[in-house]
Each structure stands twice: as C-alpha cells, then as structure tokens.
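Per our numbering: the sequence shown = residues 551 to 975.
Even for Gly, the Cβ is constructed at its ideal location relative to N, Cα and C.
Predicted, not measured: the structure shown is a model, and the values here were computed from it.
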Amino acid sequence: MVKAIVGANWGDEGKGKITDLLAQASDVVIRFQGGANAGHTIICDYGKFALHQLPSGVFYPHVTNLIGNGVALNVPALVKELDTLRESGVPVPRLMISERTQLVMPYHVLLDTYEEERLGNHAFGSTKSGIAPFYADKYAKLGVQVADLYQESRLMEHLEAVCAVKNVMLEHLYHKPLLNPEALFDTLMGYLEVIRPYVGDTVTYIHTALREGKRILLEGQLGSMKDPDFGIYPFTTSSHTLAGFGTVGAGISPTALTDIIAVTKAYSSAVGAGAFVSELFGEEAEELRRRGGDAGEYGATTGRPRRVGWFDAVATRYGCMVQGATEVVLTAIDCLGYLDEIKVCTGYEIDGTVTDVFPVPALLDRAKPVYETLPGWHCDIRGITNYQKLPQAARDYVDFLEARIGVPIKTVSTGPKRHEIAQRA
C-alpha cells in the first residue's frame, strides 16, 4: 500500500501534523521532492519541531525514513535537524539517503541570494535556500549526486568544469567573489563523512518493501499552487509538488500508488509572491494571522508572516484535481471561531466574466474574488474530536466546502496537537 500526502494549495496547509499521524501507521516514509526551503511543523511527545528535509516518520522507531532521489539535499541543514532531534531526546531515527539524490552546493545558495538581490522589486520571494539554482543545474546536467562523492577524480574534474561556468556569472553578472574548485572538493568530502552512514540503494529497498506488502507513505512539500507546471508560475518552487511526481522522486511505479490525501486549510495562507485572489489585508488579515495555527501564521523555514485570506474553493478544487486527491483533510477550522461571518471564494471575475475554473497564470493577476458568505459559529471548538459535537454552523461550513471542491473531506483537524482530530463519517 502506497499513500501520498500532499498540499492542495500554496503549502502551509498543516501537512506536518497529518503526515505525523499517517507516519505512525506506516513502515516507510519517503520525502520525494524539495529541499530545506519549506518545513513541516510537528508537535509530539518530544516537543515541537520544524522538519525541513527529514521525513516525518523520524519520531517513530519502527519507521524507515528515506530521502528520495527527487530531493535537493542540503547536508549542513540536515545535520542541524539531526542535532536538534538528538538534543531533544528523540531516539536516533532509521534514515536512508538515496545514492541518486543530488546535493545543494554552497554556490547554489549564493546564486539564489545574488539573483534575488539583482531582481530587486521583481524578486520571486525566494527563501534563498538555493532551490532554483539547484534544480536548474540538475536538469542542465551540472548537478552532483551523492554517489559522485565516492569517485574523487571524476568529482574533481566535474567541479572544475562547473566552476568555469559559474565564475563567468559571478564575475560579470553579480560582481561577486569567484569559486575555488579545490575548496568545494574539500567541502564535499566533509559532506561525505557526515552522510556516509545513511547512504544506500533506496530504489531496491523500496521495491523490496513493496513486494513484502509494507505500508509506504510519500511525503510532499508545499502544494499544488507551487508546482512549476500547474501552479502560479513563475512564483512557484522548482520541484514538482504533485503526488504524480512522488513516484518519480521516490522511485516507485505509478501503479503502486493507492491513496492520495490532499490537505487544505479552512482558510487560505501563503508565503512568497504571486497571485493570491482571496487575500485579506490590514487589520482583518492581521487578526486571522494572529489566530492562525499554533503560534500564528509565520513560515516554518523563514519565519516570514504568511499572507492570509478566505478559503479559495476555485484554487482548492483545481489543486485537488491536479493532485488526483482521493480524500481531503481540512485543517485549522478552530482558528475561525472568532468570526460572526465567514466568506468563501467560489468564483473569479476576469474581465467581466465570472468563472469557477482556475485560470492560467497570465490571467490570474486579473482575477477578482466572488464570495459567498456563511454564518460563523462564534465559539471555541479547539480539541473537539467527535465530529458530531461540532456546532451545526461549523459542520455546515465543512459540507459547503466539500460540495465546492468535489472531493470527500474525511478528516477535520481542530487544533495543532496530534490528538485534536475529528473523523467525519
């Protein structure tokens, strides 16, 4: 059995908690894309953690956690995560890194930072984690696989060739110090010593696990709106955020995927630039941001205030569709208890015409939200685990969203803690 958990929106949907719950019932958890540019916040018996590259099964000793070939592996960031777990008393996790995973190089982070500086007011809102330069190099065949670290002469030859290209950009475009291939080689040898105990043939491991009937969970980063093909391009990430890519980024056959669980919030939130049709501003936004999540709506990686808005049924239905969602988890409904009325964006007005079909990015900037207003429940529902004990207005809200997105909402999260879950019949 292979399940995928993915975001239906811009990321920041609260996937961490749900992934943690699903990981508990899994044998293998695989991160299949992205890097240290986003995080999953998990609250468990050991404390509160923001995982950026480690799969969310690391808190369970029975789970084997794999970093798949589709991940952008930032070794120093991974070391910090492992150190944080150890310092918090978490048992050493069962971790395997694919020998085919490629490395985020120090110059990827530099180039990401330099390019955002160069773009100025036209910047993409990057986390400056090196993700775009990393994936650009991967598909330009300039990347370094983990397996390359074991072939020293071949690696050195490759670094010299790469530096010749990068130094032209650094000198003439960014006017920054040049790269030294020998210094990079030494850095990579240090990386190898750190990750050597974890490196393995994850592809063979996964297919053996499939034959043995193991329960496998594919863990996605960010959400549908951040996919470079189907999202709000160019304000996207640089890896594919869809469940379909999970089979590629983990090395699993598409026919093995059985369930796709899409996570969405009861309102909308996003980090970074790009169109956000149902966005709120001013005091209204700040109030929702303050009440959102466990400690407000701030990015798990950057700490940046998230943009917030009303639930966008147009974007969410589309997000679930391109994910191929078989069910939906609705999170953070408890954050809306202060409202007398709650708006839902059910259509976009574009050049005088109203549509409920999510448009291409070239039209999205012209879209204006069309709202329907529902009554709020105006009470605290945090921690309710019996769905039938939620106020009627809250249940009506869930019914309304389910009808608009066209995918069954089977689980409703009523708080950030592990047990604050209500299963919906």
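(1) Could you name the residues of the same chain whose beta carbon sits closer than 6 Å to that of Glu710, not counting the 5 residues immediately before and after it, in chain order?
(2) To which residues of the same chain is Cys870 closer than 6 Å at the C-beta, ignoring the five residues directly before and after it?
(3) Work out the CA separation of Ile883 and Trp860 for me, nearest whole Å.
(4) So Val658 is in the alpha helix (DSSP H); what residue range does that whole segment cover?
(5) Could you spell out where the beta strand (DSSP E) holding Lys688 opens and where it closes?
(6) What is the residue span of the beta strand (DSSP E) that Phe795 lies within?
(7) Quick one, are the C-beta atoms of Val749 and Ser648 less than 9 Å apart?
(8) Among the residues of its own chain, which have a CB less than 7 Å from the CB of Arg841, if the five just before and after it don't count?
(9) Rank Tyr868, Gln603 and Asn624 by C-alpha distance to the C-alpha of Phe780 and give the top, closest one.
(10) Go ahead and label Ala690 buried or exposed: buried means 16 or more other beta carbons lie within 10 angstroms of its beta carbon, across all protein chains shown.
(11) Between the C-alpha atoms of Tyr783 and Ile756, what's the straight-line distance to the nearest angstrom?
(12) In its own chain, which residues sit with a C-beta less than 6 Å from the C-beta of Asp570, not counting the 5 before and 5 after it?
(13) The beta strand (DSSP E) that contains Gln973, what's its start and end?
(14) Taking Lys918 as the reference, which of Ile900, Trp927, Met551 and Thr876 has the closest Cα?
(15) Does the region 648-667 come close enough to the region 676-689 to have 3 or more Cβ pairs within less than 8 Å?
(16) Who are the near neighbours of Tyr610 in its chain, counting only those whose CB is closer than 7 Å to its CB and skipping five residues on each side?
(17) Between the region 612-624 and the region 581-601, do at least 3 Cβ pairs fall closer than 8 Å?
(18) Going by alpha carbons, who is nearest to Pro909 out of Val920, Ile931, Tyr921 and Ala865?
(19) DSSP state of Gln583, grouped into three classes?
(20) Can you tell which of Leu913, Thr923 and Arg856 has its C-alpha closest to the C-alpha of Ala863?
(21) So, using beta-carbon positions, are His602 and Glu637 closer together than 9 Å?
(22) Taking C-alpha atoms, which residue in Lys565, Ser963, Val744 and Ala816 lies nearest to Lys893?
(23) Between Thr805, Gln701, Arg839 and Gly832, which has its C-alpha nearest Ser818's C-alpha?
(24) Using the three-state DSSP reduction, which class does Ser818 fall into: helix, strand or coil?
(25) Counting along the chain, where does the alpha helix (DSSP H) carrying Cys870 start and finish?
(26) What first and last residue would you give for the beta strand (DSSP E) that runs through Arg644?
(27) In whole angstroms, give me the CA-to-CA distance for Trp560 and Leu767.
(28) Quick one: what does DSSP say Leu728 is sitting in, helix, strand or coil?
(29) Would you tell me roughly how many angstroms separate the C-alpha atoms of Val608 and Cys594, rounded to the nearest one?
(30) State the Cα-Cα distance for the pair Val712 and Gly597, rounded to the nearest angstrom.
(31) Is the separation between the beta-carbon of Leu720 and that of Val552 shorter than 9 Å?
(32) Between which two residues does the beta strand (DSSP E) holding Val556 run?
(33) If you compare alpha carbons, which of Ala793, Thr614 and Asn624 is closest to Lys977?
(34) Going by DSSP in three states, Phe950 sits in which element: helix, strand or coil?
(35) According to DSSP, is Ser963 helix, strand or coil?
So, to answer that:
(1) Here the set comprises Pro731.
(2) Hits under 6 Å: Ala558, Ala812, Ile955 and Val957.
(3) Within the model, the alpha-carbon separation for Trp860 versus Ile883 is close to 12 Å.
(4) Here residue 658 is His; the residue named in the question, Val, does not match the sequence. Its alpha helix (DSSP H) spans residues Pro656 to Leu669.
(5) It is not in any beta strand (DSSP E) - Lys688 instead sits in the alpha helix (DSSP H) that spans Ile681 to Tyr689.
(6) First-last for Phe795: Ala793 to Ala800, but that is the alpha helix (DSSP H), not the beta strand (DSSP E).
(7) Contact: yes.
(8) Cys885 and Tyr888.
(9) Minimum Cα distance to Phe780 is reached at Tyr868.
(10) Classification for Ala690: exposed.
(11) The alpha-carbon atoms of Tyr783 and Ile756 are separated by roughly 32 Å.
(12) Cβ within range, chain order: Ile592 and Ser606.
(13) Under the DSSP assignment, Gln973 falls in the beta strand (DSSP E) whose first and last residues are Ile971 to Gln973.
(14) For Lys918, the nearest C-alpha among the options comes from Ile900.
(15) Taking one beta carbon from each stretch, the region 648-667 and the region 676-689 have 3 or more pairs nearer than 8 Å; the two touch.
(16) In its chain, beyond the 5 residues on either side, Ala573 and Gln574 have a beta carbon closer than 7 Å to the beta carbon of Tyr610.
(17) Counting C-beta pairs closer than 8 Å gives three or more between the region 612-624 and the region 581-601, which meets the contact rule.
(18) For the residues Val920, Ile931, Tyr921 and Ala865, the minimum Cα distance to Pro909 belongs to Ala865.
(19) DSSP places Gln583 in coil when its eight states are reduced to three.
(20) Ranking the options by Cα distance to Ala863, first place goes to Thr923.
(21) Not a contact, by the Cβ cut-off of 9 Å.
(22) The candidate whose alpha carbon is nearest that of Lys893 is Ala816.
(23) Ser818 has its Cα closest to that of Arg839, out of Thr805, Gln701, Arg839 and Gly832.
(24) Three-state result, Ser818: strand.
(25) Unbroken alpha helix (DSSP H) run through Cys870: Ala863 to Gln873.
(26) In the DSSP assignment, Arg644 falls within the unbroken beta strand (DSSP E) covering Arg644 to Ser648.
(27) Their backbone Cα atoms lie some 21 Å apart in a straight line.
(28) Three-state result, Leu728: coil.
(29) Between Val608 and Cys594, the C-alpha separation is close to 11 Å.
(30) Computed Cα separation, rounded: 42 Å.
(31) Not in contact: Leu720 and Val552 (Cβ atoms no closer than 9 Å).
(32) Element bounds for Val556: Val552 to Gly557.
(33) Residue 977 lies beyond the stretch modelled for the chain, which goes from 551 to 975, so this question has no answer here.
(34) The answer is helix: DSSP assigns Phe950 an H, G or I state.
(35) If DSSP states are grouped into helix, strand and coil, Ser963 belongs with the strands.
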